[in-house]
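See below for the structure under consideration.
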Amino acid sequence: MRITNDDYSPIQLVSELSTRETCKWNGHGSFFVEEKAKHEWIVEAWTEKLDEILNLFQRYGTLAASCQSVRDNGIDVYLTFTKDDKAHRVGFQLKSESEVLRDKGTNEKHSVIGALKRQAYEAIHSGKVDEWWIVPCINYDKHPKLIQQLNAEIIVGKSNHNGVEIKLVDPRDAISFLSKDSGEIDALCTLLLCCEDEILKGAIREIEDLTVFQRKCILTFMWQALDGNESVRSDDMMYLETGDEEDIATEFAHLEDIGFLESNGGDGFIIRPYNLPGICALYFEGRVRHGMSASGAESFVMTLISNPDEMD
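Each residue of the sequence shown is one higher than the one before, counting from 1 in the UniProt record's numbering.
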């Protein structure tokens, strides 16, 4: 595959991945507890997620970039990349739940707000950044007033100060970014960067005109066939019925017509995955270029071409 959308920079992908719409974490209570409440954890995790994004660009050979933990000049994590032959520099200041709880009740000078004001001044006047992001990795429900105060005292009226763009990340958006594993980041970034790639478009075309039942059959049993298990019983496929099928025999017949299924002369079928070359190509893209496991490559393809609501 190849990058077809040159408009995206690494920092724009960070923004896309830091939204509640792409958040899959549905745990109970707060995300930032125990180890994840510590500053060291969030700095390391944020750096790792940025590296995942940069690695994707580098796999396609399109970007010179670096990410490092610096903890200096009001910056915890420092991202640099080249866009349109110009260097772009982003500093991230991360605040943890443990820091907020530790500083609660202290005077303004030593509070989280006071520290961020000093760090904002350092970052803005260091000459090292074009953007400075404040990322509060805290329990939003417990600290809504702190978020309002951050916005009022640091952000409002100062979104661009001394040539530096300042951004405050909502804690719920920070959860979205930090809760994604490497496979999810790979798949979502690939979907954004390679949306016009011929292989991706071809894979989508292979299933877009099929019924929900037919798509579920393909996206359920394709993977075992690619792993060498090409046999499937009719009864196993019947469990995928949605209730909207008018004639299940017609559903199976069409899967045979497109070459995905071949009758075994008994009570089941032989799966022929390579008659859907686009989907196969995406699977091996995940396995080879991205170094994913079989299950990781399956999830990669599903993110790229499936409707999650259909697969429930």
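Just so it is clear, CB atoms sit at the ideal spot from N, CA and C, and this is done for glycine as well.
By how many angstroms is the C-alpha of residue j removed from the C-alpha of residue i?
| i | j | result |
| --- | --- | --- |
| aspartate 235 | phenylalanine 269 | 11 angstroms |
| threonine 220 | isoleucine 185 | 22 angstroms |
| glutamate 35 | glutamate 99 | 13 angstroms |
| aspartate 85 | arginine 172 | 34 angstroms |
| aspartate 130 | glutamate 206 | 44 angstroms |
| methionine 1 | proline 277 | 14 angstroms |
| asparagine 162 | histidine 125 | 8 angstroms |
| alanine 37 | proline 136 | 11 angstroms |
| alanine 65 | tryptophan 132 | 17 angstroms |
| cysteine 194 | threonine 22 | 18 angstroms |
| glycine 286 | threonine 19 | 24 angstroms |
| histidine 143 | aspartate 170 | 12 angstroms |
| arginine 118 | valine 43 | 19 angstroms |
| glycine 114 | alanine 87 | 31 angstroms |
| aspartate 309 | threonine 242 | 12 angstroms |
| glycine 3 | serine 30 | Note on residue identity: the sequence assigns isoleucine, not glycine, to residue 3. Those two C-alpha atoms are separated by around 37 angstroms. |
| aspartate 141 | lysine 104 | 16 angstroms |
| cysteine 280 | glutamate 251 | 22 angstroms |
| glutamate 198 | glycine 296 | 22 angstroms |
| histidine 128 | leucine 54 | Before going on, a small fix: residue 128 reads as lysine here, not histidine. Lysine 128 and leucine 54: Cα-Cα distance of roughly 20 angstroms. |
| asparagine 160 | isoleucine 154 | 11 angstroms |
| isoleucine 122 | aspartate 72 | A small fix is needed here, since residue 122 is glutamate in this sequence, not isoleucine. Each residue's alpha carbon lies about 9 angstroms from the other. |
| histidine 39 | histidine 28 | 22 angstroms |
| leucine 191 | leucine 200 | 8 angstroms |
Do residue i and residue j have their C-beta atoms within less than 8 angstroms of each other?
| i | j | result |
| --- | --- | --- |
| proline 273 | leucine 226 | yes |
| isoleucine 134 | glutamate 97 | no |
| glycine 74 | alanine 120 | yes |
| leucine 282 | isoleucine 271 | no |
| leucine 79 | cysteine 67 | yes |
| threonine 82 | alanine 187 | no |
| glutamate 245 | phenylalanine 213 | yes |
| arginine 89 | arginine 289 | no |
| isoleucine 175 | tryptophan 25 | yes |
| methionine 238 | cysteine 217 | no |
| asparagine 264 | serine 231 | yes |
| tryptophan 46 | valine 70 | no |
Please check the pair residue i and residue j, which I expect to be a contact at CB under 8 angstroms, by giving their CB distance rounded to whole angstroms.
| i | j | result |
| --- | --- | --- |
| valine 112 | leucine 146 | 7 angstroms |
| leucine 116 | leucine 94 | Actually they are not in contact, since the Cβ atoms of leucine 116 and leucine 94 sit about 11 angstroms apart, beyond 8 angstroms. |
| glycine 183 | serine 9 | Wrong, their Cβ atoms sit about 22 angstroms apart, outside the cutoff. |
| alanine 203 | isoleucine 305 | 5 angstroms |
| residue 366 | arginine 233 | Here the chain has residues from 1 to 312 only, and residue 366 is not among them. |
| asparagine 5 | glutamate 196 | 7 angstroms |
Name, in chain order, the residues that DSSP records as bridge partners for residue i.
| i | result |
| --- | --- |
| alanine 65 | Phe81 |
| asparagine 160 | Glu165 |
| proline 136 | Lys95 |
| glutamate 131 | Val90 and Glu165 |
| valine 232 | Phe269 |
| isoleucine 13 | Going by the sequence as given, residue 13 is leucine instead of isoleucine. Answer is none; leucine 13 lacks a bridge partner. |
| serine 263 | Phe269 |
| residue 377 | Lying before the first or after the last residue shown, residue 377 is absent from the chain, which here runs from 1 to 312. |
(Q) Quick check: the stretch 179–192 against the stretch 251–262, are at least 3 beta-carbon pairs closer than 8 angstroms? (A) Using a Cβ-Cβ distance cut-off of 8 angstroms, the stretch 251–262 and the stretch 179–192 are not in contact, since fewer than three pairs of beta carbons, one from each stretch, lie closer than that value.
Q.
With three or more beta-carbon pairs closer than 8 angstroms as the criterion, would you say the stretch 4–15 touches the stretch 47–55?
A. As far as the Cβ criterion goes, the stretch 4–15 touches the stretch 47–55, which means the pair count is three or higher.
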